[in-house]
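Enquirer: Numbering follows my numbering, in which position 470 of the sequence shown is assigned residue number 488; successive positions increment by one, without gaps.
We put the beta carbon where it would ideally sit given N, CA and C, even for glycine.
Just so you know, these numbers come straight off a predicted model, no measurement behind them.
So that we are looking at the same thing, I have put the structure below in structure tokens.
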Amino acid sequence: MRCGLCRVASPLVRSKASRLRIRQRHIPPRTLAPIHRNLFSGESKGGGREEKKAEKGASSRFKAVFGDMDPDIVKQVAILSSAQIMLNLGFSQMVPVMPMFAAKMGGHLGATGVGIILSAPSVATLLLNFPLGRMCDTVGRKPLMWFGTALTSLGTTCTGFVSSMGPLLACRLLVGAGSSASMTGSSAYISDLSDKAPKHRAKLMGIHQALVGSVWIVGPAVGGYLAEAYGYRNSFLIAGICAAVCSLSYTQLPETLNKKPLKASEAAKDVARATTNVSSRGLRDQSRAWLKEVKKILSSKNQQALIALACEHPIRFASFTTAVALHASNAAGSGPGELGMLFTALALSQGFAMPIGAWLADKCPGAKKRMVVPFGLASSLAFASLAFATKHEHFLISMAIQGFCAGFKQPAVGAFTAEITSKSQRGQAMSLQSQAGSTLSLIGPISMGLICDLTSCPTAILTGASLMGLCNLAYAVLAGPSPSTTSPQPTPDTETTGKIN
């Protein structure tokens, strides 16, 4: 029986096999390829060509915006900007709340009490700017950035839970210490990145500043609304969370400080110093070495000009948070919502002017006085007009003019700072500017509060505007050509074109 079945079935099997072979001859070779190759190789139906076209289009768009800039630099600027956007989002929504919160906590001391609370962080920054600047040039930029924002997050969050003057001042001191560390590190970091693309220095800084400043368009207005709807203390919790996110983002950045390897003799000396106890003579030697470096920086007229210009912002901020806020409350009945709109008007006009200023700054070599001085003086006059404002619209127009002038000149100042400061002394140079600003941030709010108590708020506003004008005039007198415009450009094998570690 088995043999009979085989005889019957074998012709059927042979006929089916022959039909399958005939079909395979007519099937195109591409369809005989494995299925996974068609699905994942991207070769079917011209997929490879479309991907190549997309890559070419992306690269052409990148070159149109950033030119010949290294994509790694753009990536690091994107991470840095994203982190600082979160940080500024938290603090921008807290700005209109802080004067009213300070008036509530220290109102029994008058405008002077408001100034004491607002100036408390500057005590910590005044004490820490110099040592942190030296640490930035030795330890690196990244540790100061993430650890500083972590301290800022802790201090800001705790501020939302305090109910008396003593703990409030302690939390504000912690915020000042963290801000000093993070600002010193981040300022040196963005300058280091700009060294890798010196032809696009102002564009790089302008894009970064425009992205970071964009949150101030919505932050103050939203913060003022939330404070009026849900209370002042929630603003500090939001700011603390945003600072924590910024700290985590900083950990994803590579270090930009290139530490040179030590020779055997220098390494032995460092080990000997580390294993011996610190003596008073050693501290004196370190202090003398630090003073020598600081004197070298201060001997430069350009550094003196930048320090003078760095005093403008703390004067403006001290005058606004005390004199202008109280004057707007008395003259126009402004609350946190209206104060937030003032900062929104300033940030909106500043963001509009900054790309224009960045583009022109790359075309204007040296100290860029033609961009900095006229717009700085115009900003001072606009601030002085706040003394005569009686309606909310008057305050808005004045703040918008100040924002446009500040945004126009800011990229030029940042590019000039990076041009004249060597990388090995950048942290200390930035700390000198921060030290000048911290000094004014300490005495400014208290002084403005005293002037308001002794005379009037408009008098304090005019005093602040006059000091801002003097800062710009000092820059006009002291600033000169940068070394890059008077000496040959560095060769490609120098430090400025090295890879970022």
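#1: What would DSSP say about residue 318, mapped onto helix, strand or coil?
#2: Secondary structure at residue 114, three-state DSSP: helix, strand or coil?
#3: Curious, which full-length alpha helix (DSSP H) runs of at least 4 residues does the segment 111-175 contain?
#4: Enumerated in chain order, which unbroken segments of the alpha helix (DSSP H) with a length of 4 residues or greater are wholly contained in the segment 433-493?
#5: Given a cut-off of 8 angstroms, decide if residue 389 and residue 375 are closer than it, judged by their beta-carbon atoms.
#6: Please state whether the Cβ-Cβ distance between residue 271 and residue 160 is less than 8 angstroms.
#7: Could you tell me which of 481, 456, 185 sits nearest to residue 468, measuring between CA atoms?
#8: Apart from the five residues just before and just after residue 205, which ones in its own chain have a Cβ nearer than 6 angstroms to its Cβ?
#9: Measure the beta-carbon distance from residue 485 to residue 333 and round it to whole angstroms, keeping in mind my assumption that it falls under 8 angstroms.
#10: Taking the alpha-carbon positions, what's the residue 544 to residue 372 distance?
#11: Less than 8 angstroms between the C-beta atoms of residue 89 and residue 354, yes or no?
#12: Can you list, in chain order, the residues of its chain whose CB lies under 7 angstroms from that of residue 263, leaving out five sequence neighbours each side?
#13: In chain order, what residues of the same chain lie with their CB nearer than 7 angstroms to the CB of residue 163, ignoring the 5 residues before and after it?
#14: Starting from the Cα of residue 359, find the closest Cα among 241, 106, 177 and give me that residue.
#15: How is residue 250 classed by DSSP in three states: helix, strand or coil?
#16: Under DSSP, the alpha helix (DSSP H) around residue 330 begins and ends at which residues?
#17: Around the C-beta of residue 222, are 16 or more other C-beta atoms found within 10 angstroms, so that it is buried, or is it exposed?
#18: Quick one: what's got a C-beta closer than 7 angstroms to residue 212's C-beta in the same chain, skipping five residues either side?
#19: Go through its chain and collect everything with a Cβ distance to residue 489's Cβ below 6 angstroms, but skip five positions before and after it.
#20: Along the alpha helix (DSSP H) that carries residue 353, what are the first and last residues, could you check?
#21: For residue 147 and residue 170, I'd like the C-alpha separation in whole angstroms.
#22: Does residue 108 pass the burial test, meaning 16 or more other C-beta atoms within 10 Å, or should it be called exposed?
#23: Going by alpha carbons, who is nearest to residue 157 out of 310, 402, 276?
#24: Counting along the chain, where does the alpha helix (DSSP H) carrying residue 202 start and finish?
#25: Consult DSSP for residue 428 and reduce its assignment to one of helix, strand or coil.
#26: Might you give, ordered along the chain, the residues of its own chain that have their beta carbon closer than 7 angstroms to the beta carbon of residue 142, omitting 5 neighbours on each side?
#27: With distances taken Cα to Cα, identify the nearest neighbour of residue 408 among 133, 344, 427.
#28: Can you look up residue 409 in the DSSP assignment and give me helix, strand or coil?
#29: Buried or exposed: residue 495, going by 16 or more other Cβ atoms within 10 Å of its Cβ?
#30: Taking C-beta to C-beta, are residue 420 and residue 244 nearer than 8 angstroms?
#31: Compare the Cα-Cα distances from residue 524 to each of 131, 153, 174, 259 and report the closest residue.
#32: Three-state secondary structure (DSSP) at residue 179?
#33: Mapping DSSP to helix, strand and coil, what is residue 273?
#34: Using DSSP with H/G/I as helix, E/B as strand and the rest coil, what is residue 88?
Expert: In brief:
#1: coil
#2: coil
#3: 115-124, 128-156
#4: 444-472
#5: yes
#6: yes
#7: 481
#8: 448
#9: 5 angstroms
#10: This structure leaves residue 544 out entirely; the chain is present only between 19 and 519.
#11: no
#12: 104
#13: 200, 203, 204, 207, 268
#14: 241
#15: coil
#16: 330-337
#17: buried
#18: 219, 222, 223, 436
#19: 326, 327, 329, 330
#20: Looking at the DSSP string, residue 353 is not in any alpha helix (DSSP H), and its letter there is neither H nor E.
#21: 15 angstroms
#22: buried
#23: 276
#24: 183-213
#25: helix
#26: 191, 194, 195, 198
#27: 344
#28: coil
#29: exposed
#30: no
#31: Given that the chain is displayed from residue 19 to residue 519, the structure contains no residue 524 and the question cannot be resolved.
#32: coil
#33: coil
#34: coil
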